[in-house]
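The structure appears right after this line, and notes come after that.
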Amino acid sequence: MQTPPELRHVNVTRYITPLREGGSLPAVADADDGFKYVVKFKGAGHGPKALIAELLGCEIGRILGFRVPEVVYAHLDEAFGRTEGDEEIQDLLKFSQGLNIGLHFLSGAINFDPVVTTVEAQLASEIVWFDAFMTNIDRTFRNTNMLMWHRELWLIDHGATLYFHHSFTNWEKSAATPFAMIKDHVLLPQASELTAANTKLKALLTDEVLQSIVNLIPNEWLDWEGYDERVDELREVYFQFLKTRLTYSDLFTKTAQDARQTLV
Numbered sequence: 001m002q003t004p005p006e007l008r009h010v011n012v013t014r015y016i017t018p019l020r021e022g023g024s025l026p027a028v029a030d031a032d033d034g035f036k037y038v039v040k041f042k043g044a045g046h047g048p049k050a051l052i053a054e055l056l057g058c059e060i061g062r063i064l065g066f067r068v069p070e071v072v073y074a075h076l077d078e079a080f081g082r083t084e085g086d087e088e089i090q091d092l093l094k095f096s097q098g099l100n101i102g103l104h105f106l107s108g109a110i111n112f113d114p115v116v117t118t119v120e121a122q123l124a125s126e127i128v129w130f131d132a133f134m135t136n137i138d139r140t141f142r143n144t145n146m147l148m149w150h151r152e153l154w155l156i157d158h159g160a161t162l163y164f165h166h167s168f169t170n171w172e173k174s175a176a177t178p179f180a181m182i183k184d185h186v187l188l189p190q191a192s193e194l195t196a197a198n199t200k201l202k203a204l205l206t207d208e209v210l211q212s213i214v215n216l217i218p219n220e221w222l223d224w225e226g227y228d229e230r231v232d233e234l235r236e237v238y239f240q241f242l243k244t245r246l247t248y249s250d251l252f253t254k255t256a257q258d259a260r261q262t263l264v
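Residues in the sequence shown are numbered from 1 upward in steps of one, following UniProt numbering.
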């Protein structure tokens, strides 16, 4: 059984530049292991929930065989960012002291352009299935969230997945969604092998695999203001959501197939 690796811990040593494409102000930063990372901060708009979505999205994607950047736990100490001149960024860093998430920076990568690059049917189908499973609303023609690096396709930016956790009031209903928004997926026109993708990928996500990935969520990211649930209870909800979501794979696969029929 393939299981996710233990994530490494790094200390952020230098803030290089913000990435202003999104609203959460991630940044390219140096760490004490000598590598550069795209760091996403728990002090940003959606708080640690976006970091949880990023972590689960990357590690589930890795288990399914996709190319995703290495994920690390990125530590910011309390002195970090005091010399930052931009007040908005300084506040972001101040509220992000402690544990954040870092994604290995793919230097020289270019944005995926569906006009230039055609993705073969099996891979396209598996990515569409993965995004329907994760309820990813953010891999569209407007914002593909994929990169070409060394002529290979890499999946990035999973912070908008698992949107159920922003309300957290009826996760069972959210787990059962057919996910109609898959109609906007950038790779849907090429996804002619969805049935095969469904059979292959759901078999890889055993309870043991899902539990091991959910167990990667740090306690620090589950300390939510305004919630009565304990850390272990919140972590269990993520596991149950993913497990339940998998039981509806035939439903969201058919939804994607039906949506594709309107395009081709």
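Even glycine gets a Cβ: it sits at the ideal position worked out from N, Cα and C.
Predicted model only: the values in this text are computed from it and were never measured.
According to the DSSP secondary-structure assignment, T140 is paired through a beta bridge with H185.
Inside the stretch 209-261, DSSP marks no whole beta strand (DSSP E) run of 3 or more residues. Within the DSSP secondary-structure output, H158 pairs in no beta bridge. Secondary structure at K49: helix, using DSSP grouped into helix, strand and coil. The DSSP-derived three-state label of L103 is strand.
Rounded to the nearest angstrom, the gap between the Cα atoms of T118 and L187 is 9 Å. D77 places its beta carbon 9 Å or farther from that of F141.
Per the coordinates, the alpha-carbon of E88 lies some 34 Å from the alpha-carbon of A132. Between S249 and K200, the beta carbon gap of about 11 Å keeps them out of contact (Cβ cut-off 8 Å). In this structure, the alpha-carbon of A109 lies about 19 Å from that of E54. Taken atom to atom, the span from the alpha-carbon of Q257 to that of M181 is near 12 Å. DSSP places V128 inside the alpha helix (DSSP H), whose first and last residues are 121-133.
Between the C-alpha atoms of T247 and Q240 there is a straight-line separation of about 11 Å. Here K40 is buried, its C-beta having at least 16 other C-beta atoms within 10 Å. When secondary structure is reduced to three states using DSSP, A109 falls in the coil class, being assigned neither helix nor strand. The beta carbon of L251 is closer than 7 Å to those of P178 in its chain, skipping five residues each way along the sequence. Taking 9 Å as the cut-off, the Cβ atoms of H75 and L103 do not count as close. Around the beta carbon of Y227, fewer than 16 other beta carbons sit within 10 angstroms, so the residue counts as exposed.
Here the alpha carbon of K243 sits roughly 27 Å from the alpha carbon of A121. In this structure V38 is buried. Its beta-carbon is surrounded by 16 or more other beta-carbon atoms within 10 angstroms. Annotation for D32: no beta strand (DSSP E) segment contains it, and DSSP assigns it neither H nor E. One thing to note: V214 has its Cβ within 9 Å of the Cβ of L56. For H150, the secondary structure class from DSSP, reduced to helix, strand or coil, is coil.
R14 has D30 as its beta-bridge partners, per DSSP.
Taking one beta carbon from each stretch, the stretch 153-161 and the stretch 215-226 have fewer than 3 pairs nearer than 8 Å; the two do not touch.
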